[in-house]
Amino acid sequence: MKYIITLLALLVFQISLYAHEGGHGNRKTWIIDNKPVQAEFLKYEEGKVFFLNDNHNLISYDLESLSSEQQKIILDKNAKVSSIHNKKETSNHYSYAFAGIGGILLILSIIFFYKQREKYHLAYGFIGIFLITITSCKKDDDVTVEPLPVVPANDISLMQSVFGSFSGVYTTSDNTYFYVASNGLPSHNRMVGITNWQQQVPIDHNYTGNNSWAIPLQPVLAENPLSTQTNLLKGALAIAANGIPIFNPLNNRGEDAKAIGELDQWGGHCGRADDYHYHLPPAHLQNTVGVGNPIAYAVDGFPVYGETTEQLDEYLGRFNDDGGYEYYTISEYPYFIAGMRGEVTLDPNTTAPENQVIPQATTQGVRPALEPLNGAVITDFQSTGTNAYSLTYTLNNQNYIINYNWDNNGLYTYEFVNPNGTTTENYQR
711 MKYIITLLAL LVFQISLYAH EGGHGNRKTW IIDNKPVQAE FLKYEEGKVF
761 FLNDNHNLIS YDLESLSSEQ QKIILDKNAK VSSIHNKKET SNHYSYAFAG
811 IGGILLILSI IFFYKQREKY HLAYGFIGIF LITITSCKKD DDVTVEPLPV
861 VPANDISLMQ SVFGSFSGVY TTSDNTYFYV ASNGLPSHNR MVGITNWQQQ
911 VPIDHNYTGN NSWAIPLQPV LAENPLSTQT NLLKGALAIA ANGIPIFNPL
961 NNRGEDAKAI GELDQWGGHC GRADDYHYHL PPAHLQNTVG VGNPIAYAVD
1011 GFPVYGETTE QLDEYLGRFN DDGGYEYYTI SEYPYFIAGM RGEVTLDPNT
1061 TAPENQVIPQ ATTQGVRPAL EPLNGAVITD FQSTGTNAYS LTYTLNNQNY
1111 IINYNWDNNG LYTYEFVNPN GTTTENYQR
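Listed below in structure tokens is the structure:
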């Protein structure tokens, strides 16, 4: 018995020696030295980040050469993998040691029972069998890194049908993106109902050619989805079926644009470049695209639908029966896309919370941005001819009118009618 106790003590000491500390990702676009690089992350080691490029060559860069957001992604990924590896290694060492104890107890039980024919020696064997059994079961419970599921590619024919529901919206595609072109003006009315106004009015914008909106054809689930409460307060989160961008429901100051009266009856308003865009998903487009079809596509490639009775996740989305991911709309903040579930590339020239996804179409304003006009309420907006509009607002119980138009040569004329007279301003694009 004394020998058994001594042997067990040595094995327990061995376990403590084994319990020591120890130390491959989806292909995506990385911003390295302010340039996009398509590569697959392999590992981070001693300040170097290792990738596999499209030619299956191993490449490495200093961590500092990546954008700050992607540095954080690399460090978080490395910490997660290291933690799981350490846990698994420690678990394996304990398992081997306990299995060794169990095996020795079983052997000693057989030897002593054979020599002395005393039944209590069988107890060592039962303990040994028990240790071996629980060790085997424990191996099945080891922590493993579960890869994110691969989601199906977008159905190009469905996308063509959705965006093709609106005249003036044109689409093309290549192997990577589905492109949406428009002039930035919706066919529905706009601006009416705004009570917090920055004196901007909607004009056309050339969202065509190389400045079209781009939607990934093959979405990829993100390991670290970006919260839209603390990110992406600049630029579009999605492109509506009528070719109008949908921005974050929060304005660039982090305020709920709807709650503070900045939006019209259709969930949109004009930006500082006189660019019309939504801050709410345009559920009113559902009748045009058809029930059950997306009303928009997010810039990570996933479709955006209207409201649903299905249970949604923390990002306001869910997986469908085909394994695809879909965003849905709710009637209160955050309204849609609480987090960007898919992988996106961030503009290295922007920082959170006013960062934005690239590629991103750009606006082409023609006049200086104006300041908020406190107390103004927009009461009417009408088309008065080809490329001609009239906006009416009230201020201090008096009516004010802005008549404006543009010609084929890019000359924009603004006429301001107020109780004290009329002034005109011209701008050339």
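In the working numbering, the protein residues as written are 711 to 1139.
Where is the CB? At the ideal position from N, CA and C, for every residue including glycine.
By the three-class DSSP mapping on this structure, what secondary structure does Glu1125 have? Position 415 of the sequence shown, counting from 1, holds the residue named residue 1125. Of the three classes helix, strand and coil, the one that applies to Glu1125 here is strand, per DSSP.
Suppose only complete runs of 3+ residues qualify. What are the beta strand (DSSP E) ranges in the segment 851-934, listed by chain order? 880-883, 887-891 and 923-926
Taking the alpha helix (DSSP H) that Gln996 belongs to, which residues open and close that run? As a first step, residue 996 must be located in the sequence shown, where it is residue number 286. Gln996 to Val999 is the span of the alpha helix (DSSP H), which, as asked, contains Gln996.
Given Tyr1035, which residues of its chain have a CB within under 8 Å of its CB, disregarding the five upstream and five downstream residues? Looking up residue 1035 in the sequence shown gives position 325. Only Val861, Pro929, Leu931, Phe1012, Gly1027, Arg1028, Phe1029, Arg1051 and Gly1052 meet the Cβ criterion.
DSSP has Pro746 in a bridge; who is on the other side? Numbered from 1 along the sequence shown, position 36 holds the residue referred to as residue 746. The partner list for Pro746 (beta bridge, DSSP) reads Ile741.
Using CA atoms only, rank isn't needed, just tell me which of Ser1093, Thr1132 and Ile817 is closest to Ser897. In the sequence shown, the residue the question calls residue 897 occupies position 187. Nearest of Ser1093, Thr1132 and Ile817 to Ser897, Cα basis: Ser1093.
Leaving out five residues before and five after Phe761 in sequence, what residues of the same chain have Cβ atoms less than 8 Å from its Cβ? The sequence position of residue 761 within the sequence shown is 51, counting from 1. Correct list, in chain order: Trp740, Val747, Ala749, Glu750, Phe751, Leu752, Leu768, Ile769, Ser770 and Tyr771.
Please report how far the alpha carbon of Tyr1110 lies from the alpha carbon of Ile949, in whole angstroms. The residue labelled residue 1110 in the question sits at position 400 within the sequence shown. The residue labelled residue 949 in the question sits at position 239 within the sequence shown. C-alpha separation (whole angstroms): 33 Å.
Beta-carbon proximity check, His989 vs Ile956, cutoff 9 Å: Sequence index remark: in the sequence shown, residue 989 carries index 279 (1-based). Sequence index remark: in the sequence shown, residue 956 carries index 246 (1-based). Cβ distance < 9 Å, so His989 and Ile956 count as in contact.
In terms of alpha-carbon separation, which member of Trp907, Arg963, Ser892 and Glu1064 lies closest to Thr1089? Taking the sequence shown and counting its residues from 1, the one referred to as residue 1089 is at position 379. Of the listed residues, the one whose Cα sits closest to Thr1089 is Trp907.
Out of Phe1126, Phe873, Arg900 and Asn1106, which one is the CA nearest neighbour of Phe888? Locating residue 888 in the sequence shown gives position 178, where the first residue counts as 1. Nearest of Phe1126, Phe873, Arg900 and Asn1106 to Phe888, Cα basis: Phe873.
Have a look at the DSSP bridge pairing and note the partners of Glu965. For the purposes of this step, residue 965 is taken as residue 255 along the sequence shown, with counting starting at 1. BP columns for Glu965 are empty, so no partner.
Does any C-beta atom of chain C lie closer than 9 Å to the C-beta of Phe873? Within the model displayed, chain C is absent; a lone protein chain is all it includes.
Roughly how many whole angstroms lie between the Cα atoms of Pro1129 and Gln1108? For the purposes of this step, residue 1129 is identified with residue 419 of the sequence shown, where counting begins at 1. For the purposes of this step, residue 1108 is identified with residue 398 of the sequence shown, where counting begins at 1. Each residue's alpha carbon lies about 8 Å from the other.
Distance CB(Val1014)-CB(Tyr1038) smaller than 9 Å: Your numbering for residue 1014 matches position 304 in the sequence shown. Your numbering for residue 1038 matches position 328 in the sequence shown. In contact: Val1014 and Tyr1038 (Cβ atoms closer than 9 Å).
For Asp743, does the count of other Cβ atoms within 10 angstroms reach 16, so buried, or fall short, so exposed? The residue given as residue 743 occupies position 33 in the sequence shown. Asp743 comes out exposed.
Is it true that the segment 933-951 meets the segment 966-977, where meeting means three or more beta-carbon pairs spaced less than 8 Å apart? no
From the DSSP output, in three-state form, read off Asn1107 for me. On the sequence shown, residue 1107 is found 397 positions in, with the first residue counted as 1. Looking at Asn1107 - three-state DSSP - the assignment turns out to be coil, as it is neither helix nor strand.
Look at Asp914 and Asn1084 and say whether their C-beta atoms are less than 9 Å apart. By 1-based counting over the sequence shown, the position of residue 914 is 204. By 1-based counting over the sequence shown, the position of residue 1084 is 374. The answer is no: Cβ separation not under 9 Å.
Please classify Gln1066: is it buried, with 16 or more other beta-carbons within 10 angstroms of its beta-carbon, or exposed? Counting from one through the sequence shown, the residue named residue 1066 turns up at place 356. That one is buried.
How many angstroms separate the CA atom of His979 from the CA atom of Leu1080? Counting from 1 along the sequence shown, the entry for residue 979 is found at position 269. Counting from 1 along the sequence shown, the entry for residue 1080 is found at position 370. The straight-line gap from Cα to Cα measures roughly 14 Å.
Would you list the one or two residues that DSSP bridges to Glu755? Reading the sequence shown from its first residue, position 45 is the one you call residue 755. DSSP lists Lys758 as partners of Glu755.
Compute the Euclidean distance between the alpha carbons of Gln780 and Ser875, then round it to the nearest angstrom. Indexing the sequence shown from 1 puts residue 780 at position 70. Indexing the sequence shown from 1 puts residue 875 at position 165. Gln780 and Ser875: Cα-Cα distance of roughly 38 Å.
Name the DSSP beta bridge partners of Ile769, please? Looking up residue 769 in the sequence shown gives position 59. For Ile769, which the question treats as bridged, DSSP gives the partners Phe761.
In the DSSP output, what is Pro955 paired with across the bridge? Start at 1 with the first residue of the sequence shown, and residue 955 comes out as number 245. Partner(s): Ile949.
Measure the beta-carbon distance from Thr1104 to Val1127 and round it to whole angstroms, keeping in mind my assumption that it falls under 8 Å. Residue mapping note: residue 1104 aligns to position 394 of the sequence shown, counting from 1. Residue mapping note: residue 1127 aligns to position 417 of the sequence shown, counting from 1. No, Thr1104 and Val1127 are not in contact; Cβ-Cβ is about 13 Å, not under 8 Å.
Pick helix, strand or coil for Ser777, following the three-state DSSP scheme. The residue given as residue 777 occupies position 67 in the sequence shown. Coil.
Contacts around His734, its chain only, beta-carbon distance under 7 Å, and the 5 residues preceding and following it disregarded: Counting from 1 along the sequence shown, the entry for residue 734 is found at position 24. Here the model assigns His734 a pLDDT of 43, short of 50, so the residue's position is not dependable and the matter cannot be decided.
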